[in-house]
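In what follows, a structure is listed as structure tokens, so that the remarks can point back to it.
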Amino acid sequence: MESMHADDFILNASSVEHSQQAEAIPEEARRQHAELSAQIERLRHEYYDALAASDGGEIELSESDAAYDALFEDLKQLEDQFPALVTSTSPTQTVGGSRTNTFAEVPHDIPMLSLDDVFSVEETHQWYDRCHNGLGVDNPQVCAEVKVDGLAISILYVDGVLTRAATRGDGRVGEDVTANVRTIANVPHRLTGQAIPRRIEVRGEVFFPTADFEAFNAARAKRGEKTFVNARNAAAGSLRQKDSTETAKRPLAMVCHGIGVYEAAADAPEEYILPDSQHAWYELLAGWGLPTSPYTRLISSHADIDEVISYYGAHRHELSHEIDGMVFKIDSRQYQASLGTTSRAPRWAAAYKYPPVEVHTRLLDIRTQVGRTGRVTPYAVMEKVLVAGSHVSSATLHNQDEVKRKGVLIGDMVILRKAGDVIPEILGPVEKLRDGSERAFVMPSHCPSCGAELAPAKDGDVDVRCPNQAHCPAQITQRLTFLGGRSAFDIEGLGEEAALALTQPELNRAEVISALIAGEPVLLAPTETEDLPPVVRVEAEELAERHHSELAALAEALLPPAQTPVLSSEADIFDLQAQDVRDLYVWKRAAFPQALREYYGVEESWRLVRAFWSTGKRLKGKDTFRKNQETRPTKDMLTMLEELEKAKTQPLWRVLNALSIRHVGPTSAQALADHFTSLEAIRAASVDELAQVEGVGQIVAQSVHDWFTVDWHHKIVQRWADSGVRMADEEKEALEQTLAGLTIVVSGSMPGYDREGAKAAIIARGAKAAGSVSKKTSLLVAGPGAGSKLAKAEALGVPVVDENAFDTLLEQGLEAVLAQ
Ligand code: IVH
């Protein structure tokens with residue numbers, strides 16, 4: 001569109017609709033209009049720049065809102081007087097006249113089409129073959145892009161200035177969200193570079209970067225606000241905020257994937273007038289400062305299609321944003337034009353959709369578990385489903401508030417996904433599938449393990465705890481499991497199963513009794529002279545005649561007496577001998593012996609089995625237990641004993657962490673161990689002395705101090721020390737502080753180190769070992785499986801090296817690895 005110039009008046013081309021009223025505009029009015037518009041634009045930019053930079057905090061502006069409104073009012077009056085001044089770029093037209101969103105309708109000059117979906121590699125090949133046949137061209141080049149899981153956006157730049165942004169809406173008419181889009185950090189307010197077009201409408205996707213999404217949701221949960229089900233919903237919610245200050249608090253980003261209206265600059269060189277391919281467009285857009293995807297590739301065969309689908313399928317969760325598929329576009333614009341579009345979608349593009357990582361399953365029950373510090377947490381028991389490559393049947397629900405916030409009822413069909421592809425998480429119910437039989441979860445008032453009354457540790461805490469820390473079987477089991485774990489003594493063979501056998505061998509006894517009352521047979525352990533394990537069951541006549549309470553007693557009488565646990569505290573773990581567990585049995589559900597299946601008519605049942613010793617070998621071909629087979633400790637048991645022995649010389653921080661002191665984790669344990677070097681010194685320190693250690697706060701200090709005032713805690717320390725556990729770090733030969741003052745994040749696996757060991761090595765050389773990447777991070781060491789931290793580091797420009805550089809880093813410092 002060109003403006004017509006005259007000596008002392010201007011007739012603006014876009015006021016052609018008002019052509020009846022078209023009139024001469026005095027030069028003074030035109031000058032005033034230009035000046036007011038410029039001032040308003042400047043204030044708007046200042047405002048949105050400040051918002052984008054504020055990260056949700058306070059912002060400072062050179063003019064008050066009232067001054068802005070007054071300028072705006074002046075402009076409106078001027079335009080009322082001279083309607084020909086109203087152009088599509090006038091501030092009165094561009095954001096609906098204010099700093100908030102109007103969601104006014106915005107017709108799309110060129111419709112925003114959708115994409116045709118394909119759901120398999122074969123269908124993608126078929127689409128490519130159709131293009132090939134339609135064009136009569138062999139192997140036409142294809143631009144392969146990731147399908148960003150966000151919201152489509154159209155952004156109009158006039159003479160390089162962001163003028164209007166609209167959602168897709170129904171494809172023909174969208175909503176004006178200009179004010180919100182202006183707060184998106186990577187959307188330029190003004191294009192830069194060569195041959196800035198007269199008008200360009202870029203189309204793309206607004207999304208919520210994965211790493212930021214998790215932090216954002218965590219912060220909302222902490223404030224008791226509803227969390228978003230996924231990054232896409234969060235992006236949609238953020239983009240449709242009435243108040244753009246709210247949008248500015250959300251770290252949205254945009255990526256371009258197409259073009260709408262385009263009018264090149266008058267003097268644009270040839271290649272800017274009509275780029276001849278999709279990828280050439282992206283190069284131009286990037287040259288003007290617009291965000292384009294780093295994941296785009298040019299390909300030209302079935303094999304290439306297979307490769308990108310499988311590559312991004314495997315790596316989709318390592319990208320900086322969620323994707324739900326791949327988009328394949330015939331690259332040549334000429335070919336695109338000749339293939340054309342249907343009313344819904346272009347024929348020259350196809351969207352391959354990955355199978356969903358969110359699945360539906362039935363929530364069968366909500367039960368509670370007791371953690372190692374007594375925290376009682378509800379967890380979901382679900383019908384087993386396959387999600388992102390593994391079977392899932394339970395997921396934590398954190399606390400009763402979380403159950404409420406998610407709005408799930410027992411019996412609901414729920415949406416399940418794997419957070420970060422590892423931890424299963426229930427997102428919420430499918431409410432429309434309810435039939436009225438669902439019931440609400442009620443948090444128990446008493447400990448499910450020991451029966452003690454539950455209470456919050458202090459008023460206002462959401463979590464409730466079992467106060468019976470010394471004797472609650474579940475807490476003892478959990479502490480024992482934890483001390484065997486990777487961040488404590490790291491004892492192979494001492495996991496939850498072993499801990500349960502040692503501390504709660506009769507855990508399933510109640511279920512065994514229920515099974516007997518239900519008429520099921522139960523297998524007891526064979527004695528050394530028996531061929532088959534003896535079977536017990538309640539006789540049918542008894543089942544028919546007796547009352548339930550009598551049956552329970554009858555069933556109980558069929559079982560051997562309940563065993564007392566081998567360990568009643570973690571204090572004795574280092575004294576464990578193979579002989580102590582020779583006759584330890586646990587109740588397990590297992591396949592019924594083949595020879596007895598037909599007679600009893602069952603496939604599986606409860607059975608009493610030796611926990612740590614094996615009951616001889618079965619002879620090949622015979623599904624019977626043989627006589628006189630020597631029983632001996634299992635290999636796992638022997639490994640556990642060896643590992644327990646080795647664990648006695650673990651460094652102090654691991655001992656400290658293994659004590660399950662509330663609020664103490666590996667990082668604070670390392671800080672305390674480094675500073676005090678012996679458990680005795682830590683015990684003797686005052687709260688203030690503890691709190692003064694870098695990396696140890698008041699809460700940790702108080703908790704450590706309080707822990708040492710409890711008698712039975714002393715017994716644990718004493719017993720461990722008596723068994724030879726080293727309670728002080730040996731004099732360290734002074735390690736060279738190669739990493740002094742740096743903040744380093746390690747993610748993924750490091751050769752020769754476990755996670756905590758890698759952290760400890762960094763700390764020992766003077767650096768801070770941070771858990772997450774931020775602008776303050778000096779370096780990310782990314783081993784295999786580094787995931788979203790890698791994406792975040794790349795986004796923030798934090799230097800990254802791989803796991804092979806880790807040893808050099810420790811020995812020679814940061815410069816040495818960056819120089820490599
Ligand atoms: S091209 C006419 N490219 O997917 C072509 N779309 O399911 C229209 N999307 O509405 C879009 N990533 O919002 C294109 N790399 C990509 C995309 C992409 C995500 C969205 C877009 C579109 C929807 C269709």
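With UniProt numbering, letter number 279 in the sequence shown gets 279, and the count goes up by one each step, no holes. Idealized CB from N, CA, C, for every residue including glycine. Since the structure is predicted, the reported quantities are computational estimates derived from the model, not experimental observations.
### Query
Does the beta-carbon of Phe119 have 16 or more other beta-carbons within 10 angstroms, so that it is buried, or is it exposed?
Exposed.
### Query
Got a sec, what are the start and stop residues for the beta strand (DSSP E) Thr631 sits in?
That run of the beta strand (DSSP E) goes Thr631 to Pro633.
### Task
Determine, using beta carbons only, whether Gly495 and Thr481 come nearer to each other than 8 Å.
It is a contact, given that the beta carbons lie within the stated cut-off.
### Query
Can you name, in chain order, every residue of its own chain whose Cβ lies under 6 Å from the Cβ of Val746, other than the five neighbours on each side?
Cβ neighbours of Val746 beyond the five flanking positions: Ala758 and Val781.
### Message
Helix, strand or coil, according to DSSP, for Gly621 in the structure here?
### Response
Here the model assigns Gly621 a pLDDT of 47, short of 50, so the residue's position is not dependable and the matter cannot be decided.
### Task
At 3 residues or longer, and completely inside the stretch 347-432: list those beta strand (DSSP E) runs for me, N to C.
Taking only runs of at least 3 residues, the beta strand (DSSP E) segments lying wholly in the stretch 347-432 are 349-353, 358-370, 375-387, 390-396, 413-419 and 423-429.
#### Entry: Selected residue, minimal CA-CA separation from Ala728, among His675, Asp365, Ile517 and Thr808
Comparing Cα positions, the closest option is His675.
#### Entry: Separation of His33 from Leu85, as counted between CA atoms
Their Cα atoms are separated by approximately 8 Å.
### Message
My output table needs one value for Ile200: the three-state DSSP class, helix, strand or coil.
### Response
Ile200 carries a strand assignment under DSSP once its states are collapsed to helix, strand and coil.
### Message
Check this for me: beta carbons of Asp109 and Val261, under 8 Å apart or not?
### Response
In this structure, Val261 lies closer than 8 Å to Asp109 by Cβ.
### Query
Since Ala265 and Arg198 are thought to touch, with beta carbons under 8 Å apart, how far apart are those beta carbons, to the nearest angstrom?
That belief holds up - the Cβ atoms of Ala265 and Arg198 are roughly 6 Å apart, short of 8 Å.
#### Entry: Identity of the residue in Lys715, Val142, Ala152 and Lys588 nearest Ile299 by Cα
Answer by Cα proximity: Val142.
### Query
Using CA coordinates, which residue listed in Glu645, Lys458 and Val206 is at the minimum distance from Val255?
Residue Val206 is the option with its Cα nearest to Val255.
### Task
Return helix, strand or coil for Tyr295, following the three-state DSSP convention.
Coil at Tyr295, not helix or strand.
### Query
Can you give the Cα-Cα distance for Gly787 and Arg316, rounded to whole angstroms?
Cα to Cα, the separation comes out at about 10 Å.
### Message
What residue range does the beta strand (DSSP E) around Arg164 cover?
### Response
Looking at the DSSP string, the run of the beta strand (DSSP E) that includes Arg164 is Val161 to Thr167.
### Query
In this structure, what does DSSP give as the bridge partners for Phe207?
DSSP, once it has assigned bridges, lists Ala253 as partnering Phe207.
### Task
Give, in chain order, every unbroken run of the alpha helix (DSSP H) that is at least 4 residues long and sits entirely within the stretch 573-609.
Listed in chain order, the alpha helix (DSSP H) elements of length 4 or more contained wholly in the stretch 573-609 are 594-600.
### Message
When you compare the CB positions of Tyr335 and Pro140, do they come within less than 8 Å of one another, or not?
### Response
Contact annotation: Tyr335 and Pro140 have beta-carbon atoms nearer than 8 Å.
### Message
If you follow the alpha helix (DSSP H) that Phe482 is in, where does it begin and where does it stop?
### Response
That run of the alpha helix (DSSP H) goes Pro473 to Gly484.
### Task
Output the boundary residues of the beta strand (DSSP E) element that contains Leu156.
For Leu156, the enclosing beta strand (DSSP E) covers residues Leu151 to Val158.
### DSSP three-state assignment for Ser310, whether helix, strand or coil
In the structure shown, Ser310 sits in a helix (DSSP, three-state: H, G or I).
### Task
Note down the Cα distance separating Glu542 from Glu643, rounded to an integer number of angstroms.
Across the structure, Glu542 and Glu643 are spaced so that their CA atoms are roughly 50 Å apart.
### Pairwise C-alpha distance: Val181 and Lys242
Approximately 12 Å, taken between the alpha carbons.
### DSSP state of Trp288 mapped onto helix, strand, coil
Residue state, collapsed to three classes: coil.
### Task
Please say whether Leu363 and Met382 have beta carbons closer to each other than 8 Å?
Yes. Within cutoff.
### Beta-bridge partners of Val535, as assigned by DSSP
Bridge pairing for Val535: Leu523 [DSSP].
### Task
May I ask you to report which of helix, strand or coil DSSP gives Ile661?
Assignment of Ile661 by DSSP, reduced to helix, strand and coil, places it in the coil class.
### Sequence-distant residues of the same chain with beta carbon closer than 6 Å to Thr817, five excluded per side
Sequence check: residue 817 is Val here, not Thr. Taken in chain order, the residues that qualify are Val801, Ala805, Thr808 and Leu809.
### Message
Is Val408 close to the ligand IVH? I mean its beta-carbon at under 7 Å from any heavy atom of the ligand.
### Response
Not so, every heavy atom of the ligand IVH lies at least 7 Å from the Cβ.
### Query
Is Glu225 helix, strand or coil when you go by DSSP?
Per DSSP, reduced to three states, the secondary structure at Glu225 is coil, with no helix or strand assignment.
### Message
Give me, in chain order, the residues of the same chain whose beta-carbon lies closer than 7 Å to that of Gly695; leave out the 5 immediate sequence neighbours on both sides.
### Response
The answer, listed in chain order, is Thr667, Ser668 and Ala671.
### Task
Kindly identify the DSSP beta-bridge partner or partners of Met326.
According to DSSP, Met326 bridges with Val146 and Tyr352.
### Query
How many whole angstroms separate the CB atoms of Trp348 and Ile330, which I take to be in contact at a CB cut-off of 8 Å?
The C-beta distance from Trp348 to Ile330 rounds to 4 Å, short enough to fall under 8 Å.
### Minimum length 3: unbroken beta strand (DSSP E) runs contained in the UniProt domain "BRCT" (734-804)
Restricted to the UniProt domain "BRCT" (734-804), the beta strand (DSSP E) segments that are unbroken, complete and at least 3 residues in length are 743-747, 768-770, 779-782 and 800-802, listed in chain order.
### Query
Can you check whether the CB of Leu500 is closer than 8 Å to the CB of Leu507?
In terms of Cβ geometry, Leu507 and Leu500 form a close pair [threshold 8 Å].
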